[in-house]
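Undergrad: Quick one: the structure is below, and I'll ask about it shortly.
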Amino acid sequence: MIDPDAAIEIARKRSIEKGWAFPEPVEVVSRHRWFGGLDRFEIETNAGQRGTKSRFTIDAATGEITSEGYIPR
Numbered sequence: 034m035i036d037p038d039a040a041i042e043i044a045r046k047r048s049i050e051k052g053w054a055f056p057e058p059v060e061v062v063s064r065h066r067w068f069g070g071l072d073r074f075e076i077e078t079n080a081g082q083r084g085t086k087s088r089f090t091i092d093a094a095t096g097e098i099t100s101e102g103y104i105p106r
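Residues in the sequence shown are numbered from 34 upward in steps of one, following my numbering.
Dropping the structure here:
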């Protein structure tokens, strides 16, 4: 099981690998399973702002990135 800070670092490393920007502020939302237990983290950079964004969904148990996306504007 990983924590939100580890999830941010995983997302930051992937952004660097892909050449994507990783602007602040970063928002992490913890999503839980229906019957309890942490399921995943949803990470959005440049949260609440217009412009460039990176978005990631990371499995809380394994630290695997299950979804990623980039908006370069």
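Think of the CB as a built atom: it goes at the ideal place given N, C-alpha and C, for glycine as much as any other residue. Computed from a prediction, not measured in an experiment: that's the story for all the values here.
#1: Grouping DSSP H, G and I as helix and E and B as strand, with all else coil, what is E97?
#2: Tell me which residues share the same chain as R106 and place their Cβ nearer than 7 Å to its Cβ, disregarding the 5 neighbours each side in the sequence.
#3: Compute the Euclidean distance between the alpha carbons of E97 and I91, then round it to the nearest angstrom.
#4: Suppose you measure from the CA of A89 to the CA of Q82; what does that come to, to the nearest Å?
#5: Secondary structure at R66, three-state DSSP: helix, strand or coil?
TA: In short, the structure shows the following:
#1: coil
#2: G84 and T85
#3: 6 Å
#4: Before going further, note that residue 89 is Phe rather than Ala in the sequence given. Taking the straight line joining both Cα atoms gives about 17 Å.
#5: coil
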